[in-house]
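Asker:
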Amino acid sequence: MLDAFLGIPYAQPPVGDLRFQKPRPVSRWDGIYNATAKPTPCHQVPVPLLGLTKLNYTKASEDCLYVNVWKPSQRDCPEPRNCTRELLPVFVYFHGGAFQWGDSALLVYDPANFVALTDVVYVTFNYRLGIFGFLSLETPDMPGNVGLWDQNMVLKWVRDNIASFGGDPRQVTIGGQSAGATSAALHAASPHSKHLFKRLITQSGSPLSMVLNIFFRGEGKFINIAVSLGCYDVKIPFTEQRKKVIDCLRKLDASFIMRKIENLDFLQQLFSPLDKDEFLPLSILSPEPWKQLNVDDVLLGTTTDEGTMFFTFLADSFPQASEVLATQYRTVTTVVISQAMNVPVTTAKEIVTAYFGGHEVEHSYDEVRDIICEIFADAVFNCPTQLFADSAAEQGVRTHRYLFAYKPTHSFFPKWMGVAHTDDLFYTVGSLPFLKDKSRYTDVLGILGKKFLATQDYTSKEEQFMKEVVSAWGAFVRTG
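Per our numbering, the sequence shown starts with residue 7, numbered consecutively.
1. Between Gln401, Glu294, Leu431, which lies nearest to Phe410 when the distance is taken from Cα to Cα?
2. Please report the distance separating the alpha-carbon of Pro54 from that of Ser417.
3. Looking only at DSSP bridge pairs, what is Ser184 linked to?
4. Per DSSP, what are the beta-bridge partners of Tyr447 in this structure?
5. Between Glu144, Asp303, Ala260, which lies nearest to Gly224 when the distance is taken from Cα to Cα?
6. So for Gln298, helix, strand or coil by DSSP?
7. How would you call Arg91, buried or exposed, if buried means at least 16 neighbouring beta carbons within 10 angstroms?
8. Are the beta-carbon atoms belonging to Leu8 and Ala122 less than 7 Å from one another?
9. Assign Gly173 to buried or exposed, taking buried as 16 or more other Cβ atoms, counted over all protein chains shown, within 10 Å of its Cβ.
10. Taking DSSP as the reference, what is the three-state secondary structure of Asp109?
11. Using alpha carbons as the reference points, say which of Gln183, Ser212, Thr179, Pro175 lies closest to Ala191.
12. What are the start and end residues of the alpha helix (DSSP H) that includes Pro390?
13. Just curious, the alpha helix (DSSP H) that Phe471 is in, first and last residue?
14. Can you look up Gln492 in the DSSP assignment and give me helix, strand or coil?
15. What separation, rounded to the nearest whole angstrom, lies between the Cα atoms of Phe244 and Asn230?
16. Can you tell me whether DSSP reads Cys48 as helix, strand or coil?
17. Does the beta-carbon distance from Ala194 to Asn300 come in below 7 Å?
18. Quick one: what's got a C-beta closer than 7 Å to Ile378's C-beta in the same chain, skipping five residues either side?
19. For Val494, tell me which candidate among Gly22, Pro15, Ala41, Pro47 has the shortest Cα-Cα distance.
20. Give the C-beta separation of Leu438 and Tyr412 to the nearest angstrom, bearing in mind that I take them to be a contact with Cβ-Cβ under 8 Å.
21. Please classify Phe487: does DSSP put it in a helix, a strand, or coil?
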């Protein structure tokens, strides 16, 4: 038996003058709060779902800053804080989605089995995404990283309140997958999250995974967005209309903003965390932040084929790329590496040669695809994860590295993609048995998404494997 408390506010709704600002503590309330409904997701652009449809976030809201708490039932103890039973370890889970998508109500993040199998208190939550979470001028009135500050407020909420749910605020593990993993690891380096948790789990993500988007920042990006949203007069210098532009952006209807963002090209839609600011004072691409990690234990890893999902995503976003790659793959890959990773063309050429071989070596389209997937996986996941593991181990953090190499029978991806990014989620969260549980489907899946999930199945061996993985994760949450 377990109890679930859903949709508990942890901050004031970030609307009006609070849009783009750091979260403010929620006001206390009198009486009994109805914590029985999953929270509304935060605004986000539609994301393709398995090539079938797009996740439908038309009912999203700026009023989305809520936590959910799952705990083992204590029927003999209605007030856990005052019980003699030992407080339980806590796992705070950060959802993924490239800082642009996702929400805690998706069934893949449902931790009911995890709690039942491990006897821990489990916390999930929503945080601001995309433009609402990471638009920035890197100034006090438009600071950026407010999505990370949302996460920080959740950790403080856990510190102050989790004992009331039977959780031990001194035994908190944080973790997540993809952008959730990157987020959690950033808190391990931020001075503002120090002493708020003890252990860290990162699945398919590391701070160095941000190597591809850390350079898309600054005044130029801000102005481009302001122009697109009709809040900027190109005939007037920015310094003369700065306050007016910010006020305009705060007054726009949120749905209008999302419709405009959806029509921009892919790179213009991306808004991500920044370094060298109040939350992350040092450059995340330098060694310094990782020499003072605020954790005792780290569990981190990747899947065997991290790059394949992103290749298909980019191929869908840029249909013309397939034709170009078939004939000019070396040139295209060189240019992309140079620009995306901010390295000289000569360095990019050396990387291309290391993976593709010399010009005398020809490759089929499938070979080109597989090599590009390997480059992406190494650049964004494998190498950043290993570097983070090495840094943690060097400073005495107990470090555990894993590789998830099992291809599920119900995988949402074709065989050529191998063990893809996200293939591990149903096993590490323990949500595999919910694949066909329609009561846990949310409206964002849409009709086609729900129909597809209902056709998926898994074997008894896979369910047993899930239990073993969850047991390992639970043991780490308990003792490291």
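Each residue gets a CB set at the ideal place from its N, CA and C atoms; glycine is no exception. These numbers come from a predicted model, not from an experiment.
Answerer: By the coordinates alone:
1. The residue labelled residue 410 in the question sits at position 404 within the sequence shown. With distances taken between Cα atoms, Phe410 lies closest to Leu431.
2. As a working mapping, residue 54 is identified with position 48 in the sequence shown. As a working mapping, residue 417 is identified with position 411 in the sequence shown. Their backbone Cα atoms lie some 16 Å apart in a straight line.
3. Stepping through the sequence shown from its first residue, residue 184 is reached at position 178. DSSP output for Ser184 lists no bridge partner at all.
4. As a working mapping, residue 447 is identified with position 441 in the sequence shown. The partner list for Tyr447 (beta bridge, DSSP) is empty, contrary to what the question assumes.
5. Taking the sequence shown and counting its residues from 1, one reaches residue 224 at position 218. Cα-wise, what sits closest to Gly224 is Glu144.
6. For the purposes of this step, residue 298 is identified with residue 292 of the sequence shown, where counting begins at 1. Correct three-state label for Gln298: coil.
7. Against the sequence shown, residue 91 aligns to sequence position 85. Exposed, by the Cβ-count rule.
8. Position 2 of the sequence shown holds residue 8. Position 116 of the sequence shown holds residue 122. Against a cut-off of 7 Å, the Cβ pair of Ala122 and Leu8 comes out as a contact.
9. The residue given as residue 173 occupies position 167 in the sequence shown. The residue is buried, with at least 16 neighbouring Cβ atoms inside 10 Å.
10. As a first step, residue 109 must be located in the sequence shown, where it is residue number 103. Asp109 falls in the coil class under three-state DSSP.
11. For this step, residue 191 is matched to residue 185 along the sequence shown. Residue Ser212 is the option with its Cα nearest to Ala191.
12. In the sequence shown, residue 390 corresponds to position 384, counting from 1. Unbroken alpha helix (DSSP H) run through Pro390: 389-400.
13. Counted from its first residue, the sequence shown places residue 471 at position 465. That run of the alpha helix (DSSP H) goes 466-485.
14. Since the first residue of the chain shown is 7 and the last is 486, residue 492 is not available in this structure.
15. Numbered from its first residue, the sequence shown carries residue 244 at position 238. Numbered from its first residue, the sequence shown carries residue 230 at position 224. About 12 Å.
16. Walking along the sequence shown from the start, residue 48 turns up at place 42. Cys48 falls in the strand class under three-state DSSP.
17. As a working mapping, residue 194 is identified with position 188 in the sequence shown. As a working mapping, residue 300 is identified with position 294 in the sequence shown. Yes, the Cβ-Cβ distance between Ala194 and Asn300 is below 7 Å.
18. In the sequence shown, the residue the question calls residue 378 occupies position 372. Excluding sequence neighbours, Ile378 sits near Phe317, Thr339.
19. With the chain represented from 7 up to 486, any question about residue 494 goes unanswered, as that position is not in the structure.
20. The residue given as residue 438 occupies position 432 in the sequence shown. The residue given as residue 412 occupies position 406 in the sequence shown. The pair is not a contact, with the Cβ atoms about 12 Å apart (cut-off 8 Å).
21. Absent from the model: residue 487. The displayed extent of the chain is 7 to 486, so no value can be given.
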